[in-house]
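Going by numbering that gives the first Met the number 0, 145 is the number at position 146 of the sequence shown; the sequence numbering is gapless.
Working notes, structure below.
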Amino acid sequence: MRSKVVVGNWKLNGGLAGNETLLAALLREPPRNGSAACAVCVPFPYLAQAQGMLAGSAIAWGSQDVSRYDQGAYTGDVSGKMVAEFGSRYAIVGHSERRTVFGDSDAIVVEKFAAARRAGLTPIFCVGETLTEREAGGTEAVLARQVDALLDKGGAAGLEGAIVAYEPVWAIGTGKTATKQQAEEAHVFIRGRIAAKEQTNIAARLPILYGGSVKAANAAELFAMPNVDGGLVGGASLVAEEFVAIWQAAGAH
Ligand code: PEP
Numbered sequence: 000m001r002s003k004v005v006v007g008n009w010k011l012n013g014g015l016a017g018n019e020t021l022l023a024a025l026l027r028e029p030p031r032n033g034s035a036a037c038a039v040c041v042p043f044p045y046l047a048q049a050q051g052m053l054a055g056s057a058i059a060w061g062s063q064d065v066s067r068y069d070q071g072a073y074t075g076d077v078s079g080k081m082v083a084e085f086g087s088r089y090a091i092v093g094h095s096e097r098r099t100v101f102g103d104s105d106a107i108v109v110e111k112f113a114a115a116r117r118a119g120l121t122p123i124f125c126v127g128e129t130l131t132e133r134e135a136g137g138t139e140a141v142l143a144r145q146v147d148a149l150l151d152k153g154g155a156a157g158l159e160g161a162i163v164a165y166e167p168v169w170a171i172g173t174g175k176t177a178t179k180q181q182a183e184e185a186h187v188f189i190r191g192r193i194a195a196k197e198q199t200n201i202a203a204r205l206p207i208l209y210g211g212s213v214k215a216a217n218a219a220e221l222f223a224m225p226n227v228d229g230g231l232v233g234g235a236s237l238v239a240e241e242f243v244a245i246w247q248a249a250g251a252h
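Written out as structure tokens, the structure is:
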């Protein structure tokens, strides 16, 4: 039985004062049904603030990316070890915005996944197709390519204890959400692809989150699907009542 996980992705948003207000609100009003795990992935400079406010609470924290390198002459990069030093549990890798805006290839994402692991972080490995790819019937081929890049490097065993997020690019920040059936189909495909490469039930234990305009209004029906193990939440994670309601919906399933 997989438990649910809800992760907020703040993206390039926030500031010390606003973060304090938001985190204080989350701490003040945790969901009544708090059985789902919860985390916020904040911009690097705010990891210390997240640690200071969230340590000892039910909310974990992490980063939205991590360098593929551990140290050295890589100006501007932030290593997994640095992220981990602030008590972080998670690091998102392969978010579609990193892939499309910053050119993170499948190979780079796999290296970032490994770097997060070396630092003791739980990677949240994002995959997903664009609208053009979906309309051309290429959703499964894209997901297979992205998942296989990881499996070919570390095998399915490399996913033990990690998290996968299915995030159709056309649903991110657009207000368009995949239907619960579209999400379930993609999650089943991803789980099956991983299961085909292993014999130890890693795929069955792997949390696969859905991301793409998750809100309080649609979270419950998405999380009710058997293979949707929670959500990676962008815009709605910046609004305390919305995010708490999504966390609550995850705890209810
Ligand atoms: C995301 O940033 O991962 C995301 C899913 O964003 P949004 O919820 O705003 O679509």
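Note that CB positions come from ideal geometry on N, CA and C, so glycine has one too.
Given the structure is predicted, the values throughout are model-derived calculations rather than measurements.
Compare the C-alpha of residue 23 against each of 252, 126, 56, 133 and name the closest.
Counting from 1 along the sequence shown, the entry for residue 23 is found at position 24. It is 56.
Runs of beta strand (DSSP E) lying entirely within the stretch 52-107, each at least 3 residues, in chain order:
List check, beta strand (DSSP E) in window: 58-62, 89-92.
I'd like to know if the stretch 215-235 and the stretch 191-199 are in contact, where contact means that at least 3 CB-CB pairs between them fall below 8 Å.
The way I'd put it, the stretch 215-235 doesn't touch the stretch 191-199; fewer than three beta-carbon pairs between them come closer than 8 Å.
What are the start and end residues of the beta strand (DSSP E) that includes residue 8?
Sequence index remark: in the sequence shown, residue 8 carries index 9 (1-based). Following the DSSP letters along the chain, one finds residue 8 inside the beta strand (DSSP E) bounded by residues 4-8.
Does DSSP classify residue 230 as helix, strand or coil?
Counting from one through the sequence shown, the residue named residue 230 turns up at place 231. Correct three-state label for residue 230: strand.
Shorter than 7 Å, the distance from the beta carbon of residue 307 to the closest heavy atom of the ligand PEP, or not?
This structure cannot speak to residue 307, because the chain is shown only from 0 to 252.
Roughly how many whole angstroms lie between the Cα atoms of residue 6 and residue 237?
Against the sequence shown, residue 6 aligns to sequence position 7. Against the sequence shown, residue 237 aligns to sequence position 238. So the two alpha carbons sit approximately 11 Å from each other.
Does the separation of the CB atoms of residue 201 and residue 163 fall below 8 Å?
Numbered from its first residue, the sequence shown carries residue 201 at position 202. Numbered from its first residue, the sequence shown carries residue 163 at position 164. Their beta carbons are not under 8 Å apart, which means residue 201 does not touch residue 163 by this criterion.
Short check: CB of residue 232 to CB of residue 186, under 8 Å?
Working through the sequence shown from its first residue, we reach residue 232 at position 233. Working through the sequence shown from its first residue, we reach residue 186 at position 187. It is not a contact, given that the beta carbons lie outside the stated cut-off.
Looking at residue 64 and residue 92, is the spacing between their C-beta atoms short of 8 Å?
By 1-based counting over the sequence shown, the position of residue 92 is 93. By 1-based counting over the sequence shown, the position of residue 64 is 65. Taking 8 Å as the cut-off, the Cβ atoms of residue 92 and residue 64 count as close.
What residue range is occupied by the uninterrupted alpha helix (DSSP H) comprising residue 193?
Position 194 of the sequence shown, counted from the start, is the residue given in the question as residue 193. 179-194 is the extent of the alpha helix (DSSP H) around residue 193.
Taking only the alpha-carbon atoms, compute the straight-line gap between residue 252 and residue 43 and give it to the nearest angstrom.
As a working note, residue 252 is residue 253 in the sequence shown. As a working note, residue 43 is residue 44 in the sequence shown. Using only the alpha carbons, I get a separation of about 32 Å.
Classify residue 38: buried if its beta carbon has 16 or more other beta carbons within 10 angstroms, exposed otherwise.
Along the sequence shown, read from residue 1 onward, the residue named residue 38 stands at position 39. With 16 or more Cβ atoms within 10 Å of its Cβ, residue 38 is classed as buried.
Length of the line joining the Cα atoms of residue 169 and residue 199
The sequence position of residue 169 within the sequence shown is 170, counting from 1. The sequence position of residue 199 within the sequence shown is 200, counting from 1. CA-CA distance, residue 169 to residue 199, rounds to 34 Å.
Cβ-heavy atom distance, residue 217 to the ligand PEP, below 7 Å
By one-based count along the sequence shown, residue 217 stands at place 218. The answer is no for residue 217.
So which of 100, 101, 127, 90 has the shortest CA-CA distance to residue 118?
For the purposes of this step, residue 118 is taken as residue 119 along the sequence shown, with counting starting at 1. Residue 118 has its Cα closest to that of 90, out of 100, 101, 127, 90.
Let me confirm a value: residue 225 is counted as buried when at least 16 other C-beta atoms fall within 10 Å, else exposed. Which label applies?
Along the sequence shown, read from residue 1 onward, the residue named residue 225 stands at position 226. Taking all protein chains in view, the Cβ of residue 225 is surrounded by fewer than 16 other Cβ atoms within 10 Å, so the residue is classified as exposed.
CB-CB length for residue 210 against residue 245, believed under 8 Å
Along the sequence shown, read from residue 1 onward, the residue named residue 210 stands at position 211. Along the sequence shown, read from residue 1 onward, the residue named residue 245 stands at position 246. About 11 Å separates the beta carbon of residue 210 from that of residue 245, a gap too long to meet the 8 Å contact definition.
Quick one, which of 157, 127, 136 has its alpha-carbon nearest residue 111's?
By 1-based counting over the sequence shown, the position of residue 111 is 112. The shortest C-alpha separation from residue 111 is found at 157.
Should residue 212 be counted as a contact of the ligand PEP given a C-beta to heavy atom distance under 7 Å?
Taking the sequence shown and counting its residues from 1, the one referred to as residue 212 is at position 213. Checking the Cβ of residue 212 against the ligand PEP gives yes.
Which two residues bound the contiguous alpha helix (DSSP H) that contains residue 141?
Reading the sequence shown from its first residue, position 142 is the one you call residue 141. From DSSP, the alpha helix (DSSP H) with residue 141 extends over 138-153.
Do we get a CB-CB distance below 8 Å when we pair residue 24 with the residues of chain D?
Absent here is chain D; the protein component of the structure consists of one chain.
Please confirm whether any heavy atom of the ligand PEP lies closer than 7 Å to the CB of residue 8.
Counting from 1 along the sequence shown, the entry for residue 8 is found at position 9. True, at least one ligand heavy atom lies under 7 Å from that Cβ.
Nearer than 7 Å: is that true of the beta carbon of residue 162 relative to any heavy atom of the ligand PEP?
For the purposes of this step, residue 162 is taken as residue 163 along the sequence shown, with counting starting at 1. Not under cutoff, so the answer is no.
Looking at C-alpha atoms only, which residue of 116, 95, 155 is the closest neighbour of residue 126?
Position 127 of the sequence shown, counted from the start, is the residue given in the question as residue 126. Of the residues 116, 95, 155, the one whose Cα lies closest to the Cα of residue 126 is 95.
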